[in-house]
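Asks: Pasting a structure below so you can have a look.
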Amino acid sequence: MQSLQEDKSMKKKAQPKEKEGEQKGRAMQIVVFKQGDEEFAMHIDQIKEVVITPSIARMPQTPDFVLGVANIRGNIIAILDLEKKFGFQKDEQRTLGGKNFTLVIESEEFKMGVLVKEVPNTLTVYESEIEESLNVIHDSSMEQNYIKGIVKKEGRLIIMIDTLKIVTESEMNAVAQAVVSN
Amino acid sequence: MKSNDEEYREIFLAEALENFEEINKVLTQLEKKPTDTAYINTLFRITHTMKGNATAMGFEGISSLTHVMEDLFGEVRNKKIELDSEIFAALFKAVDVLEALIGAIKTGQKVQFRGIQTKLKVIIERATTDTPSGVASEKEEDSDSLKPESSKDTNSKKKEKATSKDKKNNKPKQEEKESLKVIEEILDDAEAEEEEVDLPLSDSKIVVSDLVHVPVRKLDNLLNLVGELIIERDRILASYSTNAHSSEFSRLNRISSDLQYSVMDVRLVQVGFLFNKFHRVVRDAANLESKKVRLELSGVDTEIDRNILQIISDSLIHLIRNSVSHGIEPPEEREAHNKAEEGVISLSAFNDSDGVVIEIKDDGKGIDIEKVKKKAIENGLVTQELLSLMSMDEVLLMIFEPGFSTREQVSALSGRGVGMDVVKKATDSIGGNIKVTTQENEGTTIRLKLPASMAVKGTLLCMLEDQTYAIPLSYTEAVVSLYKKDLHKLSNGLVSTYLGKTISVVFLKDLFDLSNGKNLHKRILQSGFDHLHAEAQLHVVIVSHNGRIIGLVVDKLLQQKEIVEKPLFKPLDNIKILSGVTILGNGKVCPVLNIASINNMIFTATLANQKVY
Numbered sequence: 000m001q002s003l004q005e006d007k008s009m010k011k012k013a014q015p016k017e018k019e020g021e022q023k024g025r026a027m028q029i030v031v032f033k034q035g036d037e038e039f040a041m042h043i044d045q046i047k048e049v050v051i052t053p054s055i056a057r058m059p060q061t062p063d064f065v066l067g068v069a070n071i072r073g074n075i076i077a078i079l080d081l082e083k084k085f086g087f088q089k090d091e092q093r094t095l096g097g098k099n100f101t102l103v104i105e106s107e108e109f110k111m112g113v114l115v116k117e118v119p120n121t122l123t124v125y126e127s128e129i130e131e132s133l134n135v136i137h138d139s140s141m142e143q144n145y146i147k148g149i150v151k152k153e154g155r156l157i158i159m160i161d162t163l164k165i166v167t168e169s170e171m172n173a174v175a176q177a178v179v180s181n
Numbered sequence: 000m001k002s003n004d005e006e007y008r009e010i011f012l013a014e015a016l017e018n019f020e021e022i023n024k025v026l027t028q029l030e031k032k033p034t035d036t037a038y039i040n041t042l043f044r045i046t047h048t049m050k051g052n053a054t055a056m057g058f059e060g061i062s063s064l065t066h067v068m069e070d071l072f073g074e075v076r077n078k079k080i081e082l083d084s085e086i087f088a089a090l091f092k093a094v095d096v097l098e099a100l101i102g103a104i105k106t107g108q109k110v111q112f113r114g115i116q117t118k119l120k121v122i123i124e125r126a127t128t129d130t131p132s133g134v135a136s137e138k139e140e141d142s143d144s145l146k147p148e149s150s151k152d153t154n155s156k157k158k159e160k161a162t163s164k165d166k167k168n169n170k171p172k173q174e175e176k177e178s179l180k181v182i183e184e185i186l187d188d189a190e191a192e193e194e195e196v197d198l199p200l201s202d203s204k205i206v207v208s209d210l211v212h213v214p215v216r217k218l219d220n221l222l223n224l225v226g227e228l229i230i231e232r233d234r235i236l237a238s239y240s241t242n243a244h245s246s247e248f249s250r251l252n253r254i255s256s257d258l259q260y261s262v263m264d265v266r267l268v269q270v271g272f273l274f275n276k277f278h279r280v281v282r283d284a285a286n287l288e289s290k291k292v293r294l295e296l297s298g299v300d301t302e303i304d305r306n307i308l309q310i311i312s313d314s315l316i317h318l319i320r321n322s323v324s325h326g327i328e329p330p331e332e333r334e335a336h337n338k339a340e341e342g343v344i345s346l347s348a349f350n351d352s353d354g355v356v357i358e359i360k361d362d363g364k365g366i367d368i369e370k371v372k373k374k375a376i377e378n379g380l381v382t383q384e385l386l387s388l389m390s391m392d393e394v395l396l397m398i399f400e401p402g403f404s405t406r407e408q409v410s411a412l413s414g415r416g417v418g419m420d421v422v423k424k425a426t427d428s429i430g431g432n433i434k435v436t437t438q439e440n441e442g443t444t445i446r447l448k449l450p451a452s453m454a455v456k457g458t459l460l461c462m463l464e465d466q467t468y469a470i471p472l473s474y475t476e477a478v479v480s481l482y483k484k485d486l487h488k489l490s491n492g493l494v495s496t497y498l499g500k501t502i503s504v505v506f507l508k509d510l511f512d513l514s515n516g517k518n519l520h521k522r523i524l525q526s527g528f529d530h531l532h533a534e535a536q537l538h539v540v541i542v543s544h545n546g547r548i549i550g551l552v553v554d555k556l557l558q559q560k561e562i563v564e565k566p567l568f569k570p571l572d573n574i575k576i577l578s579g580v581t582i583l584g585n586g587k588v589c590p591v592l593n594i595a596s597i598n599n600m601i602f603t604a605t606l607a608n609q610k611v612y
């Protein structure tokens, strides 16, 4: 939470810069977090809060990367481990692996949390800095669905993702599994 | 949240429909007894209220139509119009148009109402202008002389006393009489005014009714909030339980419990509300099949949660149609069996411990078990081997499987193999049980055991690998301890005996592995057993669903607890073996097992194995 606030104050300082950023397109804030050695990011509007990971109840009939559900302020939230989803971690066990913080994502339909090791930072980027529809991604696999674009800034390479899409895919997995088990 | 406008519209719609029903009813009664002023007054009042409401909401069609109707009833009340069959025909037409107009609010259709409106106007105008004024005034005088009789009598008596001395003089008496008449007229006027004033008063009484209409949506919300309050209370109680002053919370405990039960009580409706609609269902179904069937209702004042009633209403329609179509025989066949020509279907409801039982009973030919067995094998629902292991109850329950119908020919009503599985799905979804009993030539009874309320669920908490799970008590039969020697391997599963019956036993852990699609080797349901120490004691929860009994092996049994269940949401709404989750006093999340689907899963798994061999 703290660092988010700090960055929000930074946003104020950054505002005068917006004039010069006119050619760069609209400015937006993203939340950057590490998964494995890579940096991922989501739009700040998607993230409700960052909390210390609560105790998680395991759920049967779910894919491996769904660790279970947790109670965050009376809301039941599905906890996802994206490292497992992306294949950065081959661990069969559903353990936290030192991921002590949870990014809480809430939309009308979905309530879920993404596990992270460190409190994430925010970053102001301009539309021109986001590369969408990269050939590399298109060729690679189905994953293009939830990868929204790639941010190149100050030598960093940040992958913008849309978590809601990840879950929509995982939903399909769950259905497929249910069919197998029946 | 919906906007205020929409909310008002909902309320108006509900009220308008109710008013419309009332108009319809009273008008029919009036037609039989056209002079009854009570009916006319009622009609005047209802149309007046409806006009007011419709004008306020800006529904021009309804307001102008009801306005004319109100005028007409006003004239009838004032005896200016005599009701005849022509006027009744016009009125009924107007009521039909009114219904269409009310319906059009929802659908947004355009309804022609000007025609009938003008017709009513013409009737009023004809009545008020055509009647000679003399007749009207005569009538008025008639009524005048009737009404204020008492006051006139006393007045005139006084006058008579006062004038008794000049009895012989005619003139002053006539003067007196004239003055009397003036007084009378004034009195009458006052009375007439009083009457006019009376009307709006009686209307305002109707507005401030003892009943409050509340949309179910709001009640649902209230119930959710109470549920959260209970969870929160339990959390606080748990965190202070180490403190010696636990009695400090007893008041909070009691008040919140009372609140919870009050809210649950508000949601209860009488089953008669639904049952009464089935007279028509039975009649239509019987006519279509040219059978004679009578519906008998009992226990109509039994109360059940409104949402549960809604969920099972379709199922009951299916079951009743099914009873007419499959159960009751044609009249000739009934006579051949020495039964009354008219078949009887009885629909009854009663309270049973913490739930409500609804029974649909017919005195028809009963279910042909052999036919059910044959059909089940034909449709691939079971195998011959499995069938021989199944009890009579289990065989009968197969009529609720999808794609099952014993009727050779498809009839218009039932027999398409859909419908009965809807019943099973509906009862499963609310945690109910179905039981079928049948006797050849005596009839069939289908008994649905339903929870009376969905707000709280009694559950048994148990542990498995550091995780607490809740098992609904409505499905729990018993809790027993077994040893490894009590369990036996049978084909792919495990069996044991409980109260002399053979039941299948499943390790909950194996079940989760199975459902996760891991280690899909053949003997997965025995892996827990294989890893067991020979002396180990097992905690087994015996659960039964629709007559199928299974034992679930868990690590540890905790306590019995009332929980407020929250449904699973996206992206977890595909988990079949859980019906929802709850938050325990310690703030941890506890999954609630869906016994109905676990039961089905084990059954289909056994079936799949049978097919392999």
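Those protein sequence lines, which keep their order, are chains H and R. Quick note on numbering that gives the first Met the number 0: the first sequence kicks off at 0 and runs consecutively. Quick note on numbering that gives the first Met the number 0: the second sequence kicks off at 0 and runs consecutively. Here a beta-carbon is modelled for each residue, glycine too, at the ideal position from N, C-alpha and C.
Would I311/R and V268/R qualify as a contact pair, given that the criterion is a beta-carbon distance under 9 Å?
Replies: Within the second sequence, numbered from 1, the residue matching residue 311/R stands at position 312. Within the second sequence, numbered from 1, the residue matching residue 268/R stands at position 269. No, these two residues do not count as a Cβ contact at 9 Å.
Asks: Check the Cβ-Cβ distances between G584/R and every residue of chain H, and say whether any is below 9 Å.
Replies: Your numbering for residue 584/R matches position 585 in the second sequence. False, the Cβ-Cβ gap to chain H never drops below 9 Å.
Asks: So for S503/R, helix, strand or coil by DSSP?
Replies: Your numbering for residue 503/R matches position 504 in the second sequence. Correct three-state label for S503/R: strand.
Asks: When you compare each of V292/R, N585/R, N440/R and A533/R to Y239/R by their alpha carbons, which one comes out closest?
Replies: Counted from its first residue, the second sequence places residue 239/R at position 240. Checking every option, the nearest Cα to that of Y239/R belongs to N585/R.
Asks: Run down chain R in chain order and give the residues with a C-beta less than 8 Å from the C-beta of M159/H.
Replies: Looking up residue 159/H in the first sequence gives position 160. Those do not exist, as M159/H stays about 20 Å from chain R at its closest Cβ, beyond 8 Å.
Asks: Quick one: using the 10 Å Cβ neighbour count with 16 as the cut-off for buried, is A335/R buried or exposed?
Replies: As a first step, residue 335/R must be located in the second sequence, where it is residue number 336. Exposed, since its Cβ has fewer than 16 Cβ neighbours within 10 Å.
Asks: Assuming P570/R and A69/H are in contact, meaning their beta carbons sit under 8 Å apart, how far apart are those beta carbons, in whole angstroms?
Replies: Locating residue 570/R in the second sequence gives position 571, counting from the first residue. Locating residue 69/H in the first sequence gives position 70, counting from the first residue. With a Cβ gap of about 14 Å, P570/R and A69/H do not count as contacting.
Asks: Quick check: the Cα distance between L221/R and V262/R, rounded to an integer number of angstroms?
Replies: Stepping through the second sequence from its first residue, residue 221/R is reached at position 222. Stepping through the second sequence from its first residue, residue 262/R is reached at position 263. If you take the alpha carbons of L221/R and V262/R, they lie about 8 Å apart.
Asks: Relative to the C-alpha of K483/R, which residue among V421/R, F248/R, K424/R and G527/R is closest?
Replies: Your numbering for residue 483/R matches position 484 in the second sequence. For K483/R, the nearest C-alpha among the options comes from G527/R.
Asks: Please classify D95/R as buried or exposed, where buried requires at least 16 neighbouring CB atoms within 10 angstroms.
Replies: Counted from its first residue, the second sequence places residue 95/R at position 96. Exposed is the call here.
Asks: Residues in its own chain within less than 6 Å of E131/H by CB, not counting five upstream and five downstream?
Replies: Position 132 of the first sequence, counted from the first residue, corresponds to residue 131/H. Cβ neighbours of E131/H beyond the five flanking positions: G148.
Asks: Pairing CB atoms from the segment 359-374 of chain R with CB atoms from the segment 440-451 of chain R, are three or more of them under 8 Å?
Replies: Yes, the segment 359-374 of chain R is in contact with the segment 440-451 of chain R.
Asks: Ignore the nearest five residues each way along the sequence and tell me which others in D215/H's own chain have a CB closer than 6 Å to its CB.
Replies: This structure cannot settle anything about residue 215/H, because the visible part of chain H is limited to 0 through 181.
Asks: Hey, P330/R and K360/R are a contact pair by Cβ (cut 8 Å); roughly how many whole angstroms apart?
Replies: As a position in the second sequence, residue 330/R is number 331, starting the count at 1. As a position in the second sequence, residue 360/R is number 361, starting the count at 1. The Cβ separation is near 20 Å, so there is no contact.
Asks: Could one say the Cβ of A69/H lies closer than 9 Å to chain R's Cβ atoms, at least one of them?
Replies: By 1-based counting over the first sequence, the position of residue 69/H is 70. A69/H counts as touching chain R.
Asks: If I measure Cβ to Cβ from L539/R and keep anything under 6 Å in the same chain, skipping five residues before and after, which residues do I get?
Replies: Residue 539/R sits at position 540 when you count from the first residue of the second sequence. The sequence given here places Val at residue 539/R; Leu does not occur at that position. Excluding residues within five positions, the ones whose Cβ falls inside 6 Å are V479, L481, G550 and V552.
Asks: So what does DSSP say about H532/R, is it helix, strand or coil?
Replies: As a working note, residue 532/R is residue 533 in the second sequence. Correct three-state label for H532/R: coil.
Asks: Can you check whether the CB of T467/R is closer than 9 Å to the CB of L583/R?
Replies: On the second sequence, residue 583/R is found 584 positions in, with the first residue counted as 1. On the second sequence, residue 467/R is found 468 positions in, with the first residue counted as 1. Yes. Within cutoff.
Asks: Cα separation between L90/R and V270/R?
Replies: Translated into positions along the second sequence, residue 90/R becomes position 91. Translated into positions along the second sequence, residue 270/R becomes position 271. C-alpha separation (whole angstroms): 34 Å.
Asks: Please report the straight-line C-alpha distance between T496/R and I502/R, rounded to a whole angstrom.
Replies: Taking the second sequence and counting its residues from 1, one reaches residue 496/R at position 497. Taking the second sequence and counting its residues from 1, one reaches residue 502/R at position 503. So the alpha carbons of these two residues sit roughly 6 Å apart.
Asks: Beta carbons nearer than 7 Å to chain R: which residues of the segment 41-57 of chain H have them?
Replies: Those would be S54, A56 and R57, in chain order.
Asks: Tell me, please, whether the CB atom of E82/H is closer than 9 Å to any CB atom in chain R?
Replies: For the purposes of this step, residue 82/H is identified with residue 83 of the first sequence, where counting begins at 1. Not an interface residue.
Asks: Determine whether the Cβ of A77/H lies closer than 9 Å to any Cβ atom of chain R.
Replies: Here residue 77/H is taken as the residue at index 78 of the first sequence, counted from 1. With 9 Å as the cut-off, A77/H counts as an interface residue toward chain R.
Asks: Determine the DSSP secondary structure at S387/R, reduced to helix, strand or coil.
Replies: Here the question's residue 387/R lines up with position 388 in the second sequence. If DSSP states are grouped into helix, strand and coil, S387/R belongs with the helices.
Asks: Please compile the residues from chain R whose C-beta is within a distance smaller than 8 Å of the C-beta of G73/H.
Replies: The residue labelled residue 73/H in the question sits at position 74 within the first sequence. What G73/H touches in chain R: E227, I230, E231 and I582.
Asks: May I ask you to list the residues that DSSP assigns as paired with Q466/R?
Replies: Position 467 of the second sequence, counting from 1, holds the residue named residue 466/R. L463/R, per the DSSP bridge assignment.
Asks: Quick one, which of S428/R, E564/R and L42/R has its alpha-carbon nearest G229/R's?
Replies: Residue mapping note: residue 229/R aligns to position 230 of the second sequence, counting from 1. This sequence places Ile at residue 229/R; Gly is not what is there. Of the candidates S428/R, E564/R and L42/R, the one whose C-alpha sits nearest the C-alpha of I229/R is E564/R.
Asks: In the DSSP assignment, what residue or residues form a beta bridge with K555/R?
Replies: Residue mapping note: residue 555/R aligns to position 556 of the second sequence, counting from 1. Beta-bridge pairing links K555/R to M462/R.
Asks: Verify the CB distance criterion: does P590/R have a CB-CB separation below 9 Å to chain H?
Replies: Stepping through the second sequence from its first residue, residue 590/R is reached at position 591. Judged by the 9 Å Cβ criterion, P590/R is in contact with chain H.
Asks: Assuming V435/R and E476/R are in contact, meaning their beta carbons sit under 8 Å apart, how far apart are those beta carbons, in whole angstroms?
Replies: Sequence index remark: in the second sequence, residue 435/R carries index 436 (1-based). Sequence index remark: in the second sequence, residue 476/R carries index 477 (1-based). Wrong, their Cβ atoms sit about 19 Å apart, outside the cutoff.
Asks: Three or more beta-carbon pairs under 8 Å between the segment 148-167 of chain H and the segment 35-54 of chain H, yes or no?
Replies: Enough Cβ pairs lie closer than 8 Å, so yes.
Asks: Are the C-beta atoms of Q34/H and some chain R residue less than 9 Å apart?
Replies: Stepping through the first sequence from its first residue, residue 34/H is reached at position 35. No, no contact with chain R.
Asks: I need the boundaries of the alpha helix (DSSP H) containing N306/R, first residue and last residue.
Replies: Here residue 306/R refers to the residue found at position 307 when the second sequence is read from its first residue. First-last of the alpha helix (DSSP H) with N306/R: R305 to N321.
Asks: Which residues mark the beginning and the end of the alpha helix (DSSP H) in which H212/R is found?
Replies: Sequence index remark: in the second sequence, residue 212/R carries index 213 (1-based). Careful: H212/R lies outside any alpha helix (DSSP H) and carries neither H nor E.
Asks: What does L251/R reach in chain H if we use C-beta pairs closer than 8 Å?
Replies: Residue 251/R sits at position 252 when you count from the first residue of the second sequence. In chain order: nothing, as chain H lies at least about 18 Å away.
Asks: Please determine, among K372/R, N593/R, L489/R and T128/R, the residue with the shortest C-alpha to C-alpha distance to I574/R.
Replies: Against the second sequence, residue 574/R aligns to sequence position 575. The shortest C-alpha separation from I574/R is found at N593/R.
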